[in-house]
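Okay, structure first, notes after.
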Amino acid sequence: MILRVNILSIEKSPNWVRMAQIGLGLIILILSIIVLINPIIGSISIIVFLAFLLLFAGVEKIVSGIVLSGKSRFISIGLGIIVIIVSLIALVYPVEASVFVVLLLGIALLVDGISRIIHGIRDKEGRGWSKNFGIGVGALSIIFAIAVLVYPGIGLVLAGILIGIALLITSIQIISAGVTGEQRKPRAI
11 MILRVNILSI EKSPNWVRMA QIGLGLIILI LSIIVLINPI IGSISIIVFL AFLLLFAGVE
71 KIVSGIVLSG KSRFISIGLG IIVIIVSLIA LVYPVEASVF VVLLLGIALL VDGISRIIHG
131 IRDKEGRGWS KNFGIGVGAL SIIFAIAVLV YPGIGLVLAG ILIGIALLIT SIQIISAGVT
191 GEQRKPRAI
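Just so we're on the same page, our numbering is the position in the sequence shown counted from 1, plus 10.
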């Protein structure tokens, strides 16, 4: 019987990889600071990025529809056209598209909060603390949903702050990997 064990060996990355990691980490760090200073930029940037992804997906749908045969080709082309139109609207009006997405998230949060409260009240088998926790989370969800629905800017700012924090953590991780140069690779023994 042969027993194989994977252990992590630590090797140094090549210098050019380390420099690239430090450079990219610094770029991401600068972007994270910009987003944390003005969180709405982060939210709008995500919408623009997603709009470009949708644009490419729409083009792919149209190309696939042209290549396909049968009825599905018209569905694919039609969906591609709709996706392209939606993506172009989001690219032309990124602030409005961001607010629209935040409002949709607010509605989803409201529905989630209501369902958590109903589930907590109707749950006859759950423990007291679990039911109360679910009802409390539902109430908080409703409060946040109302705040976002009444003031969509709050949702944009919160989303931007979360994006900024994620970028900041990512930049620190990439920079530290470049500075230490450590590259962990599994090695079987």
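By construction, the Cβ of each residue, glycine as well, lies at the ideal position given by its N, Cα and C atoms.
Spatial neighbours of residue i in its chain, beta-carbon cut-off 8 Å, leaving aside the 5 residues before and after
i: Pro49; result: Leu166, Val167, Leu168, Ala169, Gly170, Ile171, Ile173 and Gly174
i: Ile85; result: Gly75
Alpha-carbon spacing of residue i relative to residue j, whole angstroms
i: Ala100; j: Lys22; result: 44 Å
i: Val6; j: His129; result: In the structure displayed, the chain extends from 11 to 199; residue 6 sits before or after that span and is not available.
i: Ile44; j: Thr190; result: 26 Å
i: Leu65; j: Ile56; result: 14 Å
i: Gly80; j: Ala155; result: 45 Å
i: Ser82; j: Val111; result: 30 Å
i: Gly123; j: Ile72; result: 39 Å
i: Arg28; j: Ile164; result: 39 Å
Simplified DSSP state of residue i, which is helix, strand or coil
i: Lys81; result: coil
i: Lys71; result: helix
i: Lys134; result: coil
Same chain only: Cβ atoms within 7 Å of residue i, ignoring 5 sequence neighbours per side
i: Ile38; result: Leu177, Thr180, Ser181 and Ile184
i: Leu41; result: Leu177
i: Ala67; result: Val93
Reference residue i, options the options, closest by Cα
i: Phe59; options: Met29, Ile117 and Ala107; result: Ala107
i: Pro104; options: Leu115, Ser53, Arg126 and Phe154; result: Ser53
i: Gly116; options: Ile95, Ser125, Ser151 and Phe84; result: Ser151
i: Ala157; options: Ala30, Leu113 and Lys134; result: Leu113
i: Ile51; options: Trp139, Val109 and Gly33; result: Val109
Rounded Cβ spacing between residue i and residue j (contact assumed at less than 8 Å)
i: Val69; j: Gly90; result: 7 Å
i: Ile145; j: Ile127; result: 5 Å
Distance cut-off 7 Å: residue i Cβ against heavy atoms of the ligand SAH
i: Phe62; result: Judged by which ligands are present, the structure shown has none, so any question about the ligand SAH falls away.
Contacts around residue i, its chain only, beta-carbon distance under 6 Å, and the 5 residues preceding and following it disregarded
i: Leu46; result: Gly174
i: Ala61; result: Ser97, Ala100 and Leu101
i: Ala187; result: Gln31
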